[in-house]
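Protein chains: 2
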Amino acid sequence: MTGPTADAQPPGEGVVADSAISLQDDLVRGIQDALDSGALEKAGEMLDGLHSADVADVLHLVGPDHRRLLVELVREHLDADVLVELDEPVRAEIVAQLGPRETAAAVADLETDEAVDVVDTLDDATQAQVLGALEADQRASIEEGLAYAQDSAGRLMQRDLVAVPSFWTIGQTIDHLREAGDLPDEFYELFVVDPAHHPIGTVPLNRAMRTKRPVEVSAIMDDEPRIVPVDMDQEAVAFLFEQYDLTSAPVVDASGRLVGVIMVDDVVDIILEEAEEDILRLGGVSESGLHDSVLKTTRRRFPWLLVNLATAVLASGVIAFFEGTIEQIVALAVLMPIVASMGGNVGTQTLTITVRGLATRDLTSANALRLFGREIAVSLINAVLFAVLAGAVAFLWFDSAGLALVILAAMAVNIVVAGAAGMAIPLGLNRIGVDPALAATVFVTTITDVVGFLAFLGLAAWFLL
Amino acid sequence: MTGPTADAQPPGEGVVADSAISLQDDLVRGIQDALDSGALEKAGEMLDGLHSADVADVLHLVGPDHRRLLVELVREHLDADVLVELDEPVRAEIVAQLGPRETAAAVADLETDEAVDVVDTLDDATQAQVLGALEADQRASIEEGLAYAQDSAGRLMQRDLVAVPSFWTIGQTIDHLREAGDLPDEFYELFVVDPAHHPIGTVPLNRAMRTKRPVEVSAIMDDEPRIVPVDMDQEAVAFLFEQYDLTSAPVVDASGRLVGVIMVDDVVDIILEEAEEDILRLGGVSESGLHDSVLKTTRRRFPWLLVNLATAVLASGVIAFFEGTIEQIVALAVLMPIVASMGGNVGTQTLTITVRGLATRDLTSANALRLFGREIAVSLINAVLFAVLAGAVAFLWFDSAGLALVILAAMAVNIVVAGAAGMAIPLGLNRIGVDPALAATVFVTTITDVVGFLAFLGLAAWFLL
């Protein structure tokens with residue numbers, strides 16, 4: 003094994019530049035071309051040596067027909083980790099293709115947490131078949147994992163870990179690690195336990211390695227480990243890792259016994275998942291599912307659109323109430339969407355900030371009142387600025403001071419209401435235990451539509467007729 | 003050091019439940035009360051023993067007056083890490099209070115990457131003062147860090163790392179680690195280098211610890227390390243860590259020499275930052291800045307609202323074109339927002355999915371066409387469903403088959419256009435190098451407003467008059 007020599011070849015072979023992404027694109031196209039031209043063997047070779055996450059990406063990016071061919075090519079030596087990396091619909095497709103026996107063989111190669119993860123996403127019939135094809139002890143440990151609540155620490159943790167009694171020395175520990183056959187593939191810390199198997203400290207591996215053999219682990223351990231109860235929600239686990247820069251954390255059962263370990267790479271996935279969920283919910287989509295079927299996607303988006311239709315009809319009801327007024331001054335119909343739209347945008351801005359503040363815990367009951375005051379102040383300034391701007395537009399367009407004053411007043415009212423609602427509604431939803439990202443958008447825009455139309459048309463009916 | 007005994011006290015002392023968050027809230031309120039009642043010493047004690055990230059949270063959550071008092075209380079033993087954890091505006095406040103000399107003393111305690119991070123956010127004058135108060139070698143290494151492009155790997159990396167020559171044995175390595183005084187505080191891997199200091203492999207610490215002393219590191223290293231060039235964008239770095247479950251990665255300069263290491267906890271922050279950026283941009287907010295002043299916040303949100311005003315006026319122009327039609331059929335003014343609003347929602351859904359797909363690299367040029375087809379199919383189904391629903395609403399409300407057919411047709415057109423635009427616009431923006439999250443929302447909603455009004459009022463003018 004020799005590395006590149008000095009000056010010879012700049013950034014070594016392993017260097018991954020930003021272009022890695024377009025390289026992957028080229029790879030996918032190359033594989034598709036090979037499959038289309040019937041060069042199956044060549045396509046299979048192009049997958050050889052790829053990291054399991056990259057293989058999963060390729061399987062995601064090619065279409066269903068190519069996917070089926072590729073799985074056929076690699077099924078004999080399919081890395082079980084590829085299954086873990088797949089999105090649910092694609093995984094279901096491939097599991098169906100592999101059949102329960104081959105799927106079970108792959109699942110048997112995985113760490114418990116990953117095996118549970120894969121098995122959990124299968125439909126009930128397939129799940130039963132795959133579990134049935136596993137050996138009894140593997141089936142038992144997966145069923146135990148499935149018994150933990152979804153999105154709990156119990157689901158995230160892996161069982162294999164390294165625990166040492168506090169009276170062991172570093173020397174004993176190193177000797178144990180060199181001899182033991184059943185160690186996890188990866189670990190970053192030693193967990194120090196008392197005789198009842200309660201975690202009482204952690205020793206980062208780098209500290210263990212710099213310590214001389216006769217020293218006892220208890221002398222160098224961090225004695226206030228961040229301990230995760232097995233039923234903790236994954237969002238709270240992610241918060242712990244972010245806040246305290248953890249690489250792994252011990253998980254304990256209700257009696258405080260060490261039962262597993264959560265690793266940072268699993269938490270990275272959770273962090274992405276949680277941020278993703280907020281983005282999608284704010285955008286009115288419940289799940290991303292780029293790989294779902296057309297029908298499933300439609301079914302998922304339908305409810306949100308139906309709610310929006312209902313609220314749009316509600317706002318139209320407000321307009322209908324002023325039909326007589328609009329009949330006399332048609333300019334009102336022209337200008338009214340401006341008032342509603344600006345309110346909607348101010349509301350969305352405030353709402354976005356609030357939902358994120360809640361998610362990142364920068365916004366808590368300790369500072370909510372102060373920040374609410376700030377949002378109102380910002381809305382007031384924007385209300386003045388945009389009321390004057392909208393008034394000026396209306397005046398120049400329709401040459402009517404009355405109309406200009408009415409839109410000015412309505413705009414000011416709606417922007418302040420938008421700012422207040424954009425903050426109050428997510429805070430309120432959060433207080434009653436509803437995810438503010440899920441429901442706040444529709445509430446806030448309904449309010450800004452209704453208030454916008456009502457204020458504008460109401461003031462017009464009052465003063466201009 | 004003894005741990006809790008069996009059965010005695012369930013979840014040990016260190017257990018952090020979901021209630022940790024409300025506990026923190028109580029803490030903040032307790033500190034505020036103590037400060038208000040003049041019990042300064044008590045308030046200071048409540049901060050004692052907190053993790054630096056928690057101290058930073060408390061400083062964020064209390065108001066500016068309380069913050070000033072707290073900093074006064076802890077300034078003598080302020081943990082430099084607290085500065086790292088602070089948001090920019092709060093950090094600027096506290097640095098101003100500490101003055102350049104004390105700030106420099108704190109900065110001197112930090113790892114290079116963190117010191118660069120802190121110094122970088124100071125305004126130019128303060129930055130010069132703080133750098134001037136540092137010792138020459140520290141100043142030099144921070145200035146070197148500042149020379150790397152913002153958001154590049156060079157900014158993220160820390161200099162201190164553990165590199166070993168490939169011919170060393172595990173025994174030599176352990177002896178070196180036990181003797182060396184200048185090791186980084188934390189490390190998860192050993193980097194194996196060739197004589198030119200190019201990284202040629204990595205050894206996870208757990209593997210080093212389980213290997214017997216006489217084995218050479220080259221025999222157990224991963225020989226295809228994921229290497230990060232110093233100018234790689236932080237988003238690409240985050241992708242590498244996510245994709246390959248890395249805990250640390252070697253950073254090389256243009257000649258391939260090992261110059262630093264990026265650690266997973268810094269990458270977790272980047273992942274959060276990038277997801278945050280997308281959420282905020284989709285919501286029409288450029289930066290979160292919960293701690294910015296009212297004026298700064300207003301200034302930041304103003305441009306987006308101004309663009310929205312312009313596009314709203316544009317949409318109103320379309321309505322104005324049909325003033326005559328609306329004068330004759332006022333019901334059109336009542337129903338037209340429904341068409342625009344449904345288009346806006348379908349557009350936002352598709353746009354959200356597309357922006358996220360691009361960000362997570364699940365959507366690439368390899369599968370864009372296929373997924374575009376899927377979005378069109380979904381939009382077509384929704385178009386049919388909601389066109390019929392809206393037609394039914396209009397018929398029941400206004401008892402006019404003509405009006406019902408017009409809204410049916412306009413709704414169908416607008417929903418299909420919305421689906422197409424919601425995908426095509428972010429893809430197009432991405433292709434020309436503009437962040438799709440930043441600009442796509444305003445483009446898409448403008449299109450759905452204009453097309454919605456145009457289709458509905460135009461069809462009405464054509465068929466109903």
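Chains as they are written, first to last, in this note's numbering: chain A, 3 to 467; chain B, 3 to 467. Each residue gets a CB set at the ideal place from its N, CA and C atoms; glycine is no exception. Keep in mind it's a predicted model, so treat the numbers as computed, not measured.
Taking A:G258 as part of the beta strand (DSSP E), name the residues at either end of that continuous run.
By one-based count along the first sequence, residue 258 of chain A stands at place 256. A:G258 -> no beta strand (DSSP E), and no H or E assigned at all.
If we ignore side chains and look at the alpha-carbon of each, how far apart do A:M211 and B:I176 end up?
Taking the first residue of the first sequence as 1, we reach residue 211 of chain A at position 209. Taking the first residue of the second sequence as 1, we reach residue 176 of chain B at position 174. Cα to Cα, A:M211 sits roughly 6 angstroms from B:I176.
Just to confirm before moving on: does the CB-CB distance between A:D119 and A:V86 stay below 8 angstroms?
Within the first sequence, the letter at position 117 stands for residue 119 of chain A. Within the first sequence, the letter at position 84 stands for residue 86 of chain A. A contact, by the Cβ cut-off of 8 angstroms.
Between which two residues does the beta strand (DSSP E) harbouring B:F203 extend?
Working through the second sequence from its first residue, we reach residue 203 of chain B at position 201. In the sequence as displayed, the identity of residue 203 of chain B is Gly instead of Phe. First-last of the beta strand (DSSP E) with B:G203: 201-206.
C-alpha distance - B:L337 paired with A:A333, whole-angstrom precision:
Here residue 337 of chain B refers to the residue found at position 335 when the second sequence is read from its first residue. Here residue 333 of chain A refers to the residue found at position 331 when the first sequence is read from its first residue. Put simply, the backbone Cα of B:L337 is about 16 angstroms away from that of A:A333.
If contact is defined by three or more beta carbon pairs under 8 angstroms, each pair taking one atom from either stretch, is the stretch 131-139 of chain A in contact with the stretch 98-113 of chain A?
They touch, by the three-pair rule.
Can you check whether the C-beta of B:G65 is within less than 8 angstroms of a C-beta belonging to chain A?
As a first step, residue 65 of chain B is located in the second sequence; it is residue number 63 there, counting from the start. It does; some Cβ of chain A falls within 8 angstroms.
Could you check how far apart the C-beta atoms of A:P201 and A:I229 are, in whole angstroms? I think they sit under 8 angstroms.
Walking along the first sequence from the start, residue 201 of chain A turns up at place 199. Walking along the first sequence from the start, residue 229 of chain A turns up at place 227. Their Cβ separation, rounded to whole angstroms, is 6 angstroms, which keeps A:P201 and A:I229 in contact under 8 angstroms.
Relative to chain B, which residues along the stretch 292-306 of chain A have a C-beta separation below 9 angstroms, given in chain order?
Sequence-ordered contacts of the stretch 292-306 of chain A with chain B read L292, H293, D294, S295, V296, L297, T299, T300, R303, F304, W306 [C-beta pairs closer than 9 angstroms].
Can you grab the Cα-Cα spacing for the pair A:W306 / A:V263, in whole Å?
For the purposes of this step, residue 306 of chain A is taken as residue 304 along the first sequence, with counting starting at 1. For the purposes of this step, residue 263 of chain A is taken as residue 261 along the first sequence, with counting starting at 1. Roughly 38 angstroms between the two C-alpha positions.
Delimiting residues of the beta strand (DSSP E) encompassing A:V419
As a working mapping, residue 419 of chain A is identified with position 417 in the first sequence. Careful: A:V419 lies outside any beta strand (DSSP E), inside the alpha helix (DSSP H) at 403-433.
Along the chain, where does the alpha helix (DSSP H) that runs through A:S318 open and close?
Within the first sequence, numbered from 1, the residue matching residue 318 of chain A stands at position 316. Where A:S318 is concerned, the enclosing alpha helix (DSSP H) stretches over 296-323.
Residues of the stretch 327-351 of chain B with Cβ closer than 9 angstroms to any Cβ of chain A, in chain order:
Under the 9 angstroms Cβ criterion, the stretch 327-351 of chain B contributes I328, E329, V332, A333, L334, A335, V336, L337, M338, P339, I340, V341, A342, S343, M344, G346, N347, V348, T350, Q351.
Taking only beta-carbon positions, decide if A:G435 is within less than 8 angstroms of chain B.
Your numbering for residue 435 of chain A matches position 433 in the first sequence. Output row for A:G435: interface = no.
Can you pull the chain A neighbours of B:E137, defined as C-beta to C-beta under 8 angstroms?
Counting from 1 along the second sequence, the entry for residue 137 of chain B is found at position 135. Within chain A, no residue comes near B:E137; the closest Cβ sits about 27 angstroms away, beyond 8 angstroms.
Where B:A370 and A:E276 are concerned, what is the direct C-alpha to C-alpha distance, given to the nearest angstrom?
Translated into the one-based positions of the second sequence, residue 370 of chain B becomes position 368. Translated into the one-based positions of the first sequence, residue 276 of chain A becomes position 274. Their Cα atoms are separated by approximately 25 angstroms.
Do you know how far the Cα of B:R372 is from the Cα of B:I417?
Indexing the second sequence from 1 puts residue 417 of chain B at position 415. Indexing the second sequence from 1 puts residue 372 of chain B at position 370. For B:I417 and B:R372, the distance between alpha carbons rounds to 19 angstroms.
Strictly below 9 angstroms CB to CB, what residues from chain A border B:F465?
Within the second sequence, residue 465 of chain B is the residue found at index 463, counting from 1. None at all; the shortest Cβ gap to chain A is about 19 angstroms.
Can you confirm whether A:G147, when its beta carbon is compared against all beta carbons of chain B, has any partner nearer than 8 angstroms?
Here the question's residue 147 of chain A lines up with position 145 in the first sequence. At a cut-off of 8 angstroms between beta carbons, A:G147 makes no contact with chain B.
Please report the distance separating the alpha-carbon of A:L466 from that of A:G404.
For this step, residue 466 of chain A is matched to residue 464 along the first sequence. For this step, residue 404 of chain A is matched to residue 402 along the first sequence. Each residue's alpha carbon lies about 7 angstroms from the other.
Helix or strand or just coil, what does DSSP make of A:L331?
The count along the first sequence starts at 1 and reaches residue 331 of chain A at position 329. Here residue 331 of chain A is Ile; the residue named in the question, Leu, does not match the sequence. In the structure shown, A:I331 adopts coil according to DSSP, grouped into three states.
When Cβ atoms are compared, which residues of the stretch 363-392 of chain A fall closer than 8 angstroms to chain B?
Residues R363, D364, L365, T366, S367, A368, N369, R372, L373, R376, A379, V380, I383, N384, L387, F388, L391, A392.
Please give me, in chain order, every unbroken run of the beta strand (DSSP E) with length at least 3 that falls completely inside the stretch 168-255 of chain A.
Taken in chain order, the unbroken stretches of beta strand (DSSP E) that lie wholly in the stretch 168-255 of chain A and span 3 residues or more are 191-195, 201-206, 250-254.
Quick one: what does DSSP say B:M159 is sitting in, helix, strand or coil?
In the second sequence, the residue the question calls residue 159 of chain B occupies position 157. In this structure, DSSP gives B:M159 a state outside helix and strand, which the three-state scheme calls coil.
Would you report the Cα separation of B:Q34 and B:H62, rounded to the nearest angstrom?
Along the second sequence, one-based indexing puts residue 34 of chain B at 32. Along the second sequence, one-based indexing puts residue 62 of chain B at 60. If you draw a straight line from the Cα of B:Q34 to the Cα of B:H62, it comes to about 12 angstroms.
Residues in the stretch 109-135 of chain A with C-beta within 7 angstroms of chain B's C-beta atoms, listed in sequence order?
Correct list: empty, as no residue qualifies.
Over what stretch of residues does the alpha helix (DSSP H) that includes B:R70 continue unbroken?
Translated into positions along the second sequence, residue 70 of chain B becomes position 68. Under the DSSP assignment, B:R70 falls in the alpha helix (DSSP H) whose first and last residues are 66-76.
Could you name the residues of the stretch 274-286 of chain A whose beta carbon sits closer than 7 angstroms to any beta carbon of chain B, in the order they occur along the chain?
So the close ones are L274, A277, E278, D280, I281, L282, L284, G285, G286.
Listing by chain order, which chain A residues have their CB less than 8 angstroms from the CB of B:I176?
Counted from its first residue, the second sequence places residue 176 of chain B at position 174. Those within 8 angstroms of B:I176 in chain A are M211.
Can you grab the Cα-Cα spacing for the pair B:G346 / B:S250, in whole Å?
For the purposes of this step, residue 346 of chain B is taken as residue 344 along the second sequence, with counting starting at 1. For the purposes of this step, residue 250 of chain B is taken as residue 248 along the second sequence, with counting starting at 1. If I take the Cα positions, the gap works out to 43 angstroms.
Rounded C-beta distance between B:V496 and A:F243? I'm assuming under 8 angstroms.
As shown, chain B starts at 3 and ends at 467. That puts residue 496 of chain B outside it, with no answer to give.
Provide the residue span of the alpha helix (DSSP H) that contains B:Q152, from first to last.
By one-based count along the second sequence, residue 152 of chain B stands at place 150. According to the DSSP assignment, B:Q152 belongs to no alpha helix (DSSP H), since it is labelled neither H nor E.
Please list, in chain order, the chain A residues whose beta carbon lies closer than 8 angstroms to that of B:F243.
Your numbering for residue 243 of chain B matches position 241 in the second sequence. Here the neighbours are V270.
Please name the residues in the stretch 45-71 of chain A whose beta-carbon is closer than 7 angstroms to at least one beta-carbon of chain B, in chain order.
The stretch 45-71 of chain A vs chain B, Cβ under 7 angstroms: H53, A55, H62, L63, G65.
Grab the span of the alpha helix (DSSP H) containing A:D280 for me, first residue to last.
Numbered from 1 along the first sequence, position 278 holds the residue referred to as residue 280 of chain A. Looking at the DSSP string, the run of the alpha helix (DSSP H) that includes A:D280 is 266-284.
Select from B:V92, B:Q245, B:R69 the residue whose C-alpha is nearest the C-alpha of B:R31.
Here residue 31 of chain B refers to the residue found at position 29 of the second sequence. Of the candidates B:V92, B:Q245, B:R69, the one whose C-alpha sits nearest the C-alpha of B:R31 is B:R69.
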